[in-house]
Amino acid sequence: MLAASCTTGEKAPPVDTAAEAKAVESVLKQYKDAIQNLTVEGTDTLFTKEAQVYESGGVEGTYGNYVAHHLGPELDHFNSFTFSDYKAEVAINMPWAFTTETYVYTIDLKANPEKGRKAMVISRKGVATSILKKIDGRWKIIKTHTSARNAGKH
1 MLAASCTTGE KAPPVDTAAE AKAVESVLKQ YKDAIQNLTV EGTDTLFTKE AQVYESGGVE
61 GTYGNYVAHH LGPELDHFNS FTFSDYKAEV AINMPWAFTT ETYVYTIDLK ANPEKGRKAM
121 VISRKGVATS ILKKIDGRWK IIKTHTSARN AGKH
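Quick note on the UniProt record's numbering: the sequence shown kicks off at 1 and runs consecutively.
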């Protein structure tokens with residue numbers, strides 16, 4: 001006997017892509033807000049355990065590794081980190097979301113007398129692309145890549 005179909009003929013419920021895009025934007029905003037508050041506390045819930053991070057041509061590994069060995073320690077060297085001219089584009093293709101963020105970030109870097117570094121302000125144009133997946137009803141980042149250049153360049 002040969003089965004003619006593997007489906008029940010039921011259609012998947014329609015997806016409210018606008019609502020899904022807003023939910024994805026909320027994840028991006030939570031991460032951006034944490035960085036501006038100079039903390040990574042609670043950001044692990046925005047990423048899958050296996051999420052991969054790439055920054056300016058470097059492979060940072062999992063988000064946990066990135067926080068422990070790069071981002072977490074780095075934030076301690078900042079007086080402030082602010083985003084401006086922020087824009088996010090979100091494309092939904094359930095259960096996936098593909099995002100592109102553009103922004104200018106400004107870092108007020110603390111002086112480091114041990115390294116002979118004076119306090120300074122750094123401003124860069126940045127872009128981030130991320131892939132998110134909806135898992136158990138929540139959007140999670142599974143890959144993210146950021147890069148930057150001097151703010152004066154186009």
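Just so you know, even glycine gets a beta-carbon here, dropped at the ideal spot from N, CA and C.
In the DSSP assignment, residue 109 falls within the beta strand (DSSP E) that extends over 96-109. For residue 81, the closest C-alpha among the options 89, 93 and 103 is that of 103. Look at residue 15 here: in three-state DSSP terms it is coil, with no helix or strand label. The beta-carbon distance between residue 148 and residue 56, rounded to whole angstroms, is 6 angstroms. This is short enough to meet the 8 angstroms contact definition.
Comparing alpha carbon positions, the residue from 36, 10, 24 and 64 closest to residue 88 is 24. In this structure, residue 123 sits away from residue 100, with a CB-CB distance that is not shorter than 8 angstroms. Between residue 40 and residue 146, the alpha-carbon positions lie close to 17 angstroms from each other. Look at residue 58 here: in three-state DSSP terms it is strand. Put simply, the backbone Cα of residue 139 is about 40 angstroms away from that of residue 117.
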